[in-house]
Amino acid sequence: MSSDVTSAGRVDGEAGAPAGRVDGEAGVSRPASTARARVIGGTLSLFASELLTLFRRRRTWALLGALALIPILIAVAIRIAGDAPSGRGPAFLGQITENGLFVGITAMVVATPLFLPLTIGVVAGDTIAGEASHGTLRYLLIAPAGRIRLLAVKYAATAVFCAAATLTVVVVGTLIGWALFPVGPVTLLSGATVSVGEGLVRFLAIAAYVTVSMLGMSAIGLFLSTLTTVPVGAMAATAILAVVAQIMGALPQLEWLHPWLFTEYWLGFADLLRQPPVWDSFADNALLQAGYLVVFGALAVSRMVTKDVLS
Amino acid sequence: MTDGSPAGTGMAGDAAVGDATTISTAPATDLAIETYGLTKRFRSQVAVDGVDLAVPRGAVFGFLGPNGSGKTTTIRLLLGLVAASAGGARVLGADMPRHVDSVLPRVGALVEGPAFSPYLSGVANLRRFDAADRHAPHRTRSARVDEALDRVGLSHAGRKKVHAYSLGMKQRLGIANALLMRRELLVLDEPTNGLDPQGTREVRALIRSLADDGTTVFVSSHLLAEVEQVCSHVGVMSAGRLVAQGTLEEFRAAGEARVLVQTPDAAAARHVLARFGLDVDGDGGGAVVAAHFASTDVAPEAIVAALVADGVRVRGFEVERASLEQRFVELTGEGFDVVQ
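The structure is reproduced here in structure tokens:
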């Protein structure tokens, strides 16, 4: 609080005043297209700020680092201990000594059931509850961020984190495999062989598949996050739901329920390693995840717009 | 001095619709904040009970009340953070929370203490809140953030992570956040909380300078001396109700004054004071005679003259006006218990 308060105020005013005045009239006289452009521009600005906040946080990098450890551990263990007896261990494990590119895929098979949902559950569960626990939710809302806009931006940032998480596993896996094992043309499940380049494209498609797989769970996490001011609660609940859904998916007695479980197609990405690639499970998965996004997105919105922000 | 009228609370469910039409047909008011029968219930408890606030534009409005009297809940209602159970509020002429998007960019606020992401620097936190306001121009963001930090004396600490900030520094950063844009209304909830004496003085100076620029300032506080120094208007909350509001002068005048005469001739002094029609306190047997000094048509100097004329040896004479604190205690009750 400097002594030349008034002069500082004037400079501040010059910067802020024109925008403030435009706002006042915007709703009435300005053309709708300009207003819409500003809404979109403002939302992009908020999205950029949200990504910056997410990726400037040490925890985010710790989560990605933990995911990166999975392919590294797999590769190093195989390098030291040699090949596993065939038919044991996760899928694709046996191929690694022949072709290091399979480290990324093996790591994805290992990470998808638990580690990936755990890390994404942390980010999704933190979206609103984390802001509430810091008290920053009230300041974002009186900025005003807009309740639905904030929710949308938070979800989009979580989706970006899903992509970052799956890419971390695939990219780190491919790199460490390249470093420790021989690399060559990729033999697919159907027996056909494709070039290294096409193999890498297939791996990126698998990363996209798994990213899409996580979008439904992210929506569930987002909704749970609007219910509480304790982020750990929302995080744990999201991860637990992912485990419970997979257990139910393993019970043949609940077969009628299986097509509706958001975890149903999680490991279906092997279809992308056929020649030609089979996209059916990708499409089914995308539709299912979209359904979860719609339902839990709507629940999150209805909760968010009626929520009394007391934190 | 208004009292929360039962009529306001009576119009429960349809109040928002009914009142909105009534008010929009009325001539445009010069009130920055106006609430009618504003009520908030949490389950069985009534936190805010039929509050009718009227804060004129340009005023520095001191919003007083003991802990738990509903001040912060009222502020949350005004800012659209919680929804009213009954009644409604207009801020800068528009109904809240319906017009949150057009009203809030013109309002800066500090609500229930500052709050920031501890893992970000002060600058990054301010930039983040500024980015959340889609009306805040992107290209002036850095300049405005620097100005605001400079204004609260935090320029040197802007790059530090907020978790390394002291309470007072966080408080300053919170005020800086409210000042990121030029605002028509500032809502400051306990702005001097955690500040050192210099900081308190600076906040007072800041509030004055903002008010001089024409900004309406709505400041809640329990520090009465604070409010007495900067406010033009005062409102007092007690147990969820607005028990008094008006200009500071009206408020003080409503309190009672007392005449204190220090004299060895107590009985004679009593006699003189009674002759002026003053309500003399019971015989304390001491050297000070006290009397309620309600009517303003008696001049204190006339009393002194009469005392001296009657041979009373006046050693001291004082007219004691009610301080804001006394008036506050009269309205809200004594004791330490948080009002339920």
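Listed in order, the protein sequences are those of chains G and L.
Numbering-wise (the numbering used here), the first sequence opens with residue -7 and increments by one.
Numbering-wise (the numbering used here), the second sequence opens with residue 755 and increments by one.
Using N, Cα and C, we set each Cβ at its ideal position, and we do this for glycine too.
Just so it is clear, the structure is predicted and the values come from calculations on it, not from any experiment.
Nearest-angstrom Cα separation, counted from residue j out to residue i
i, j, result
"F243 of chain G", "F288 of chain G", "The sequence given here has Leu at residue 243 of chain G, not Phe. Computed Cα separation, rounded: 25 Å."
"M227 of chain G", "A157 of chain G", "16 Å"
"R811 of chain L", "T35 of chain G", "32 Å"
"L46 of chain G", "G169 of chain G", "29 Å"
"P82 of chain G", "L108 of chain G", "16 Å"
"G948 of chain L", "T894 of chain L", "31 Å"
"V899 of chain L", "E938 of chain L", "18 Å"
"L934 of chain L", "I72 of chain G", "58 Å"
"I212 of chain G", "D118 of chain G", "12 Å"
"A7 of chain G", "A58 of chain G", "Below a pLDDT of 50, predicted positions are generally treated as unreliable, and A7 of chain G, at 38, falls in that range; no measurement from the model is reported."
"E1079 of chain L", "A813 of chain L", "21 Å"
"V188 of chain G", "G176 of chain G", "6 Å"
"E247 of chain G", "P268 of chain G", "29 Å"
"E123 of chain G", "Q87 of chain G", "45 Å"
"T954 of chain L", "H976 of chain L", "14 Å"
"K825 of chain L", "S217 of chain G", "28 Å"
"A1044 of chain L", "A1053 of chain L", "16 Å"
"G876 of chain L", "A897 of chain L", "14 Å"
"V1034 of chain L", "A808 of chain L", "38 Å"
"L960 of chain L", "E982 of chain L", "15 Å"
"D803 of chain L", "A1021 of chain L", "49 Å"
"G912 of chain L", "P251 of chain G", "53 Å"
"Y919 of chain L", "R50 of chain G", "19 Å"
"V145 of chain G", "A801 of chain L", "33 Å"
Buried versus exposed call for residue i [16 or more other C-beta atoms within 10 Å across all chains shown]
i, result
"F796 of chain L", "exposed"
"N277 of chain G", "buried"
"L1032 of chain L", "buried"
"L159 of chain G", "buried"
"I787 of chain L", "buried"
"R258 of chain G", "Note that residue 258 of chain G is Trp in the sequence shown here, rather than Arg. Result: buried."
"H889 of chain L", "buried"
"H917 of chain L", "exposed"
"G834 of chain L", "buried"
"V102 of chain G", "buried"
"N821 of chain L", "exposed"
"E866 of chain L", "buried"
"E944 of chain L", "buried"
"F973 of chain L", "In the sequence under discussion, the amino acid at residue 973 of chain L is Val, which differs from the Phe named in the question. That one is buried."
"S37 of chain G", "buried"
Cutoff 8 Å: residue i Cβ touching any chain L Cβ
i, result
"R50 of chain G", "yes"
"D15 of chain G", "Note that D15 of chain G has pLDDT 40, beneath the 50 cutoff, so the model's placement of it is unreliable and no number is given."
"G138 of chain G", "yes"
"P128 of chain G", "Note that residue 128 of chain G corresponds to Thr in the displayed sequence, not to Pro. Yes, its Cβ sits closer than 8 Å to a Cβ of chain L."
"V164 of chain G", "no"
"I134 of chain G", "yes"
"G19 of chain G", "Below a pLDDT of 50, predicted positions are generally treated as unreliable, and G19 of chain G, at 40, falls in that range; the measurement from the model is reported next regardless. Taking Cβ atoms only, chain L reaches closer than 8 Å to G19 of chain G, which makes this a yes."
"V178 of chain G", "no"
Any chain G beta carbon closer than 8 Å to residue i
i, result
"L921 of chain L", "no"
"S974 of chain L", "no"
"L874 of chain L", "yes"
"T887 of chain L", "It should be pointed out that residue 887 of chain L corresponds to Asp in this sequence rather than to Thr. Answer yes: the Cβ-Cβ gap between D887 of chain L and chain G drops below 8 Å somewhere."
"A1008 of chain L", "no"
"H892 of chain L", "yes"
"F870 of chain L", "yes"
"V865 of chain L", "yes"
"A918 of chain L", "no"
"P945 of chain L", "no"
"D784 of chain L", "no"
C-beta atoms of residue i and residue j nearer than 8 Å
i, j, result
"P63 of chain G", "G96 of chain G", "yes"
"T111 of chain G", "L55 of chain G", "yes"
"L207 of chain G", "C154 of chain G", "yes"
"A979 of chain L", "V971 of chain L", "no"
"G922 of chain L", "G841 of chain L", "no"
"G819 of chain L", "V1083 of chain L", "no"
"Y131 of chain G", "A902 of chain L", "no"
"L43 of chain G", "V152 of chain G", "yes"
"A234 of chain G", "T203 of chain G", "no"
"V988 of chain L", "L1085 of chain L", "no"
Chain-ordered chain B contacts of residue i [CB-CB under 9 Å]
i, result
"T35 of chain G", "Among the chains of the structure shown, chain B does not appear; the protein chains present are G and L."
query = Along the chain, which unbroken stretches of the beta strand (DSSP E) at least 3 residues long are found entirely within the segment 1004 to 1039 of chain L?
reply = Runs of the beta strand (DSSP E) lying entirely within the segment 1004 to 1039 of chain L, each at least 3 residues long, are 1011 to 1016 in chain order.
3 or more residues per run - each beta strand (DSSP E) lying fully within the segment 813 to 855 of chain L = Counting only runs of 3 or more residues that sit fully inside the segment 813 to 855 of chain L, the beta strand (DSSP E) segments are 814 to 818, 840 to 845, 848 to 850, in chain order.
request  = Jot down the residue ranges of each uninterrupted alpha helix (DSSP H) in the segment 42 to 123 of chain G, minimum 4 residues, whole runs only, in chain order.
outcome  = Restricting attention to alpha helix (DSSP H) runs no shorter than 4 residues, the segment 42 to 123 of chain G encloses them at 50 to 73, 94 to 103, ordered along the chain.
Contiguous beta strand (DSSP E) assignments of at least 3 residues, all confined to the segment 872 to 946 of chain L = Counting only runs of 3 or more, we get 939 to 943.
inquiry  = Which runs of the beta strand (DSSP E) at least 3 residues long sit entirely within the segment 1041 to 1093 of chain L? Give them in chain order.
reply    = Runs found: 1042 to 1047, 1070 to 1074.
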